[in-house]
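Comments concern the structure below.
Numbering (the numbering used here), first residue to last: 1 to 253.
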């Protein structure tokens with residue numbers, strides 16, 4: 001339980017300071033430190049992501065930087081994708097899911113590294129909501145969420161910033177709302193499919209994540225976000241290598 005609290009706080013701090021990427025640590029911590037099975041860990045991870053992202057989303061809504069039309073299109077497609085991802089999660093074995101998750105961790109680490117070193121570009125309002133771009137990306141992120149229990153913010157932010165010409169501030173704010181909605185859809189899909197939720201672990205880790213998400217923005221002017229984000233990216237890669245090594249060594253999950 002101590003590991004869940006410590007890493008929950010770290011996930012929340014990363015969410016608050018860098019804008020995402022931290023949730024990829026939830027799965028390996030829940031499996032190897034807390035002792036949950038892979039499928040149960042996926043469900044708890046979704047609950048943790050939902051708690052942290054919702055906290056961040058509320059703050060972004062208050063700032064008025066959320067592009068609601070784009071968020072609605074994205075989330076609608078993600079709801080369908082999450083059902084598909086959940087079905088795949090139930091069909092695949094634990095080792096296969098962990099290998100897939102390790103790939104996701106490396107991609108998230110790369111996105112976190114790049115985001116930590118990028119200036120916060122300004123944008124004049126919200127660009128046009130283009131369904132032909134938002135729908136396929138939304139379906140993909142939803143499937144990823146249902147499959148491995150991450151919010152997918154490391155995919156959403158580049159999709160909005162590059163594919164739709166969002167400023168980074170609007171992209172991160174809208175991404176936070178999307179991730180909150182998608183993770184809730186994913187959690188509901190897993191519960192309806194018969195997954196179990198370890199409530200004490202979910203509450204403890206979720207509370208720590210919320211605390212970190214609230215503290216993070218207040219530390220932004222006191223710590224080097226670049227150094228923190230890139231240090232966190234290195235940690236995520238190291239953990240992903242450890243997960244692959246554990247699977248290769250036949251460590252029970």
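Note that CB positions come from ideal geometry on N, CA and C, so glycine has one too.
**OP:** Identify, in the order they occur along the chain, each residue of the same chain with its Cβ nearer than 6 Å to the Cβ of residue 82, setting aside the five sequence neighbours on each side.
**Re:** 142, 145, 146, 185, 186, 189
**OP:** To the nearest angstrom, report how far apart residue 237 and residue 45 are at their CA atoms.
**Re:** 18 Å
Subject >> Nearest-angstrom Cα separation, counted from residue 101 out to residue 152 >> reply: 12 Å
Original post:
From this set, 84, 61, 155, which residue's C-alpha is nearest residue 107's C-alpha?
Top reply: 155
Original post:
Hey, quick one: how far does the alpha helix (DSSP H) through residue 74 stretch, first residue to last?
Top reply: 68-91
Original post:
How long is the line joining the alpha carbons of residue 174 and residue 67, rounded to whole angstroms?
Top reply: 6 Å
Subject >> Touching by the beta-carbon criterion (3+ pairs, under 8 Å), the region 92-99 and the region 25-45 >> reply: yes
Original post:
Going along the chain, which residues of its own chain have a beta-carbon closer than 7 Å to the beta-carbon of residue 75, five neighbours each way excluded?
Top reply: 138, 178, 181, 182
Subject >> DSSP three-state assignment for residue 1, whether helix, strand or coil >> reply: coil
**OP:** Quick one: using the 10 Å Cβ neighbour count with 16 as the cut-off for buried, is residue 258 buried or exposed?
**Re:** No answer is possible for residue 258: it lies beyond the span of the chain, which begins at 1 and ends at 253.
Original post:
Distance, Cα to Cα, residue 73 vs residue 56?
Top reply: 20 Å
Original post:
Near residue 207, which residues of its chain fall below 6 Å by C-beta distance, leaving aside the five closest residues on each side in sequence?
Top reply: none
**OP:** For residue 166, name the three-state secondary structure that DSSP assigns.
**Re:** coil
Original post:
What span of residues does the alpha helix (DSSP H) with residue 146 cover, start to end?
Top reply: 131-148
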